[in-house]
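Input: a single structure, listed below in structure tokens.
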Amino acid sequence: MLIDFFSAVGDVLSSESTYINGALFAALLAFAATGEWVAERSGTLNISVEGMLLSGAFAGALGYHLADSVAVGLVFGAFGGLIIAVVQAQMSHRLTADQFVVGLTLNILIVGLTGFLDREIDPRADRASTVEIPVLVDIPLFGQALFGEPWPFYLLYGLVPLSWWLVYRTRWGLELRAAGENPQSADVSGIDVNLRRRQSIYYAGLTSGLGGAYFLFAQIAAFDDSIIRGQGFIAIAAVIFGGWTLWGTMGGCVVFAGALSFQLSLQGLGYELNTELLQALPYLVTIGTMAIFARRVRSPAALAQPFIRGLK
Amino acid sequence: MTRGARVAEWVVLYALSVAVALAISSVIVEATGGDWWPVLEALVDGSIKASGRWGETLGVAAPLLLVALGTVISAKAGLINIGQEGQLLMGAAFAVFFSFRIGGPGPLNVVLLLLFGALGGAVWASAAGLLRYWRGVPEVLSTLLLVFVAIQAVGYGLKWQWLLLADEASRGNRNLVSEQLAKNNRIPRPDIFGNEFPITVYVALALALAVAYVLARTVWGFRLRMLGHNPRAAQRSGVSSTVYGATALAIGGAFAGLAGAAMFAGGGFSFGNYRLVPGFSDNIGWTGLLVALMARERALPAVVAAFVFAMLRTGAGFVNSTGVESRITDVVQGLLVLALLVPPAVVFLRDRRRARAAATERV
């Protein structure tokens, strides 16, 4: 029995489909987590990532429905995410509404709205075409997963370094981090703290919307209001798991997506693993990492604290 | 500004915001080819006017209010607990485990079941409290993440007969379902003017008064508020943030757990029909959190807010018959919450701007 099980694990680990599935989920998480990482570095915490993903997926389907093109769908998706981001940012960092209330409300609102519009409009979508990068795609095991994907996947290879560059190598990024670490000082030195925070949320909206649309075109190819199912929360967990560094965040995406894909492949081979445990794993691992490292890994000092000039 | 003018200003602002929210909803409905007025009528019919409906609405409002009261308590201590959904689910699971695996003597059973529910919620929230005060993990993050752990934990419990799953005879052809609570162990639902609702409604109302009193008029409540306003000052004057904070979190969780147990034993609209099933919490925890925040973390306004949110929920059941997809009520609910957030923020910002202007003039 146990030997059977281990040989099954071996089968799963040596089958390409595990890695292909893993890359699919990891990419979804990475799109969202990259943006959320930028937003959290500016001191905001957007629970609405979940809603941004869903909105992006629906807008992507709508774009495809209207223009018959995946590229248009992706642009629509990014805008779908941006709309949510604008509401979130304006409500919580221009007006002073609580960012969690706004985020939670938006999540509920978007599930309802996309579900409603989906029944009324019923947009049709299709898969994006697959592009294989020659030579690299022939690497055993990983090749197909990393270099033989639907083409929107490759946007990640540009998006992640771009985000790093924006945050660490531009004036904008410096001001953004200042807003996340010490908003009072940033304000005194002439940085519009809430403006930077709003902009960082817009960025998260764009990447998350793109991620939602990517997932639609890469996997399901038909919109349903349950396709995201908590992946946005896992993306937030990945940022925390990564200790608010970009590479750590990406590592979190890979680990969490890997666990999910591992479980799916095992099920495909007819083995029942404890699915509840595996599904709770991203959250448990994140809580565990925080419990161990919370005092050593420093979150942005002003994370989730609203900034109102003159009020500490 | 005189007091009267201020009140008038608030009323106008709120009326305007709600009108805008409803206008946007109507545009969404009309743009997709539906009619807005019948939807609105169906909402009112389904929540109040049709026979037996306001009792149904009260039955939904009670757990919402309980969750909101817990949130008010932890928020007053300056803690951001956003994990009520999980705490509620845990409360329901503890209540189910107690009623089918332990059991109490006769009439005491219902009371013990509710207490066990509160215990379940408190345990779950205390996990976040422990992480906060022992390891320094922000409670915002841990309470949120624990929601998803709770969902999976209860799903796991529903797979095993020694935990929550019903025996084969009573589960029929269903999977993942607990036994049904026996008739004599349920919370009574007396009939009043053709409406019936569980008596936990009165309990929730009494608790709302109690929470308002305790927070405003007792030493404990004062210390809690002090901790929320200025943790350092509180610490200096001998209020231990660990003791008071952890207690506030636990009590907040206990209220959510109590709500879960009351939903399980109180029956009514869409609450699993005296059984625990996956998805049992049905967003009551999230919505209860919104109720508390909409009431701006005060106990008595939460009573009104809970009823409004319950109306949207029970009214939704009637919307389908108008030919418009009932999901529109989620949209209306979301837009209403967003709209109600605007007036306080606008007034707050304007008052500050005026004060700053006055301050600079004096210099």
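For the record, the sequence lines run as chains Y and E.
Its first residue numbered 1, the first sequence is counted upward by one per residue in my numbering.
Its first residue numbered 313, the second sequence is counted upward by one per residue in my numbering.
C-beta atoms are modelled at their ideal positions from N, C-alpha and C, and glycine is treated no differently.
Near residue i, which residues of its chain fall below 7 Å by C-beta distance, leaving aside the five closest residues on each side in sequence?
i: Ser553 of chain E; result: Leu539, Pro543, Ala546, Gln547
i: Ser17 of chain Y; result: Ser265
i: Ser338 of chain E; result: Trp348
i: Ala238 of chain Y; result: Leu29, Ala33, Thr249, Gly252, Cys253, Phe256
Determine, using beta carbons only, whether residue i comes closer than 8 Å to chain A.
i: Leu443 of chain E; result: The chain labelled as chain A is not found among the protein chains of the depicted structure, namely Y and E.
Taking just the CA atoms, how far does residue j sit from residue i?
i: Asn472 of chain E; j: Phe307 of chain Y; result: Checking the sequence, you will find Trp at residue 472 of chain E rather than Asn. The straight-line gap from Cα to Cα measures roughly 48 Å.
i: Val658 of chain E; j: Gly60 of chain Y; result: 34 Å
i: Glu508 of chain E; j: Ala354 of chain E; result: 20 Å
i: Phe409 of chain E; j: Leu519 of chain E; result: 25 Å
i: Tyr203 of chain Y; j: Ala301 of chain Y; result: 21 Å
i: Val297 of chain Y; j: Ala434 of chain E; result: 29 Å
i: Leu647 of chain E; j: Gly80 of chain Y; result: 17 Å
i: Pro510 of chain E; j: Glu368 of chain E; result: 9 Å
i: Ala320 of chain Y; j: Val254 of chain Y; result: Nothing about residue 320 of chain Y can be reported from this structure: the residues present for chain Y run from 1 to 312 only.
i: Met52 of chain Y; j: Val654 of chain E; result: 21 Å
i: Leu458 of chain E; j: Thr672 of chain E; result: 47 Å
i: Leu24 of chain Y; j: Gly591 of chain E; result: 27 Å
i: Asp192 of chain Y; j: Arg486 of chain E; result: 57 Å
i: Ile228 of chain Y; j: Leu54 of chain Y; result: 6 Å
i: Phe147 of chain Y; j: Leu246 of chain Y; result: 22 Å
i: Val620 of chain E; j: Leu113 of chain Y; result: 20 Å
i: Ala218 of chain Y; j: Arg610 of chain E; result: 47 Å
i: Leu155 of chain Y; j: Val551 of chain E; result: 53 Å
i: Ile563 of chain E; j: Ile287 of chain Y; result: 22 Å
i: Leu104 of chain Y; j: Val589 of chain E; result: 24 Å
i: Phe5 of chain Y; j: Ser14 of chain Y; result: 14 Å
i: Val102 of chain Y; j: Pro183 of chain Y; result: 21 Å
i: Leu536 of chain E; j: Val372 of chain E; result: 29 Å
Please list the terminal residues of the continuous alpha helix (DSSP H) segment that includes residue i.
i: Pro282 of chain Y; result: 275-293
i: Ser633 of chain E; result: Neither: Ser633 of chain E is in no alpha helix (DSSP H) and is coded neither H nor E.
i: Gly252 of chain Y; result: 246-268
i: Asp126 of chain Y; result: Neither: Asp126 of chain Y is in no alpha helix (DSSP H) and is coded neither H nor E.
i: Gln254 of chain E; result: Not covered by the structure: residue 254 of chain E. The range shown for chain E is 313 to 675.
i: Lys388 of chain E; result: 365-388
i: Asn421 of chain E; result: 420-447
i: Val131 of chain Y; result: Neither: Val131 of chain Y is in no alpha helix (DSSP H) and is coded neither H nor E.
i: Leu588 of chain E; result: Taken as a continuous stretch (DSSP letters only), Leu588 of chain E belongs to no alpha helix (DSSP H), as it is neither H nor E.
i: Trp172 of chain Y; result: 171-181
i: Ala320 of chain E; result: 315-343
Using a cut-off of 7 Å between C-beta atoms, extract the partners of residue i located in chain E.
i: Met91 of chain Y; result: Leu650, Leu653
i: Met52 of chain Y; result: Within chain E, no residue comes near Met52 of chain Y; the closest Cβ sits about 14 Å away, beyond 7 Å.
i: Thr286 of chain Y; result: Leu457
i: Tyr283 of chain Y; result: Leu457, Phe460, Val461
i: Ala304 of chain Y; result: Val452
Who are the neighbours of residue i on chain Y, taking C-beta pairs under 7 Å?
i: Gly467 of chain E; result: Glu276
Check whether the Cβ atoms of residue i and residue j sit closer than 8 Å, and answer yes or no.
i: Ile108 of chain Y; j: Asp642 of chain E; result: yes
i: Arg447 of chain E; j: Thr626 of chain E; result: no
i: Thr634 of chain E; j: Pro350 of chain E; result: yes
i: Ala573 of chain E; j: Ala407 of chain E; result: yes
i: Ala614 of chain E; j: Leu370 of chain E; result: no
i: Gln99 of chain Y; j: Thr34 of chain Y; result: no
i: Ser411 of chain E; j: Gly506 of chain E; result: no
i: Ser208 of chain Y; j: Ala27 of chain Y; result: no
i: Ala604 of chain E; j: Ala404 of chain E; result: no
i: Gly73 of chain Y; j: Ala213 of chain Y; result: yes
i: Ile499 of chain E; j: Val422 of chain E; result: yes
Since residue i meets chain E, which of its residues come closer than 9 Å, beta carbon to beta carbon?
i: Asp98 of chain Y; result: Ile392, Leu605, Leu653
i: Phe233 of chain Y; result: Leu456, Leu457, Val459, Phe460
Taking Cβ-Cβ distances shorter than 9 Å, what residues in chain Y pair up with residue i?
i: Ile640 of chain E; result: Gly112, Leu113, Phe116
i: Arg665 of chain E; result: The contacting residues do not exist; Arg665 of chain E stays about 10 Å from chain Y at best.
i: Gln645 of chain E; result: Thr105, Ile108, Leu109, Gly112
Which residues of chain E have a Cβ atom closer than 8 Å to the Cβ of residue i, listed in chain order?
i: Leu104 of chain Y; result: Ile394, Trp598, Leu601, Leu602
i: Gly56 of chain Y; result: Result: empty, since nearest Cβ-Cβ is about 18 Å, beyond 8 Å.
i: Leu95 of chain Y; result: Leu653, Val654, Ala657, Val658, Leu661
i: Arg119 of chain Y; result: Glu637, Arg639
Grab me the residues of residue i's own chain with a C-beta within less than 6 Å of its C-beta, minus the 5 sequence neighbours each way, in chain order.
i: Gly533 of chain E; result: Val526, Leu527
i: His93 of chain Y; result: Asn194, Arg197, Arg198
i: Val452 of chain E; result: Ile392
i: Ala235 of chain Y; result: Leu29, Ala32, Ala33, Glu36, Val49
Here's a check: name, in chain order, each residue in its chain whose Cβ is nearer than 8 Å to the Cβ of residue i, leaving out the five neighbours to either side.
i: Arg124 of chain Y; result: Ala61, Tyr64, His65, Ala222
i: Leu273 of chain Y; result: Gln263, Leu266, Gln267
i: Asn585 of chain E; result: Gln492, Gly579
List, in order along the chain, the chain Y residues whose C-beta lies closer than 8 Å to that of residue i?
i: Thr344 of chain E; result: Phe116, Leu117, Glu120, Ile121
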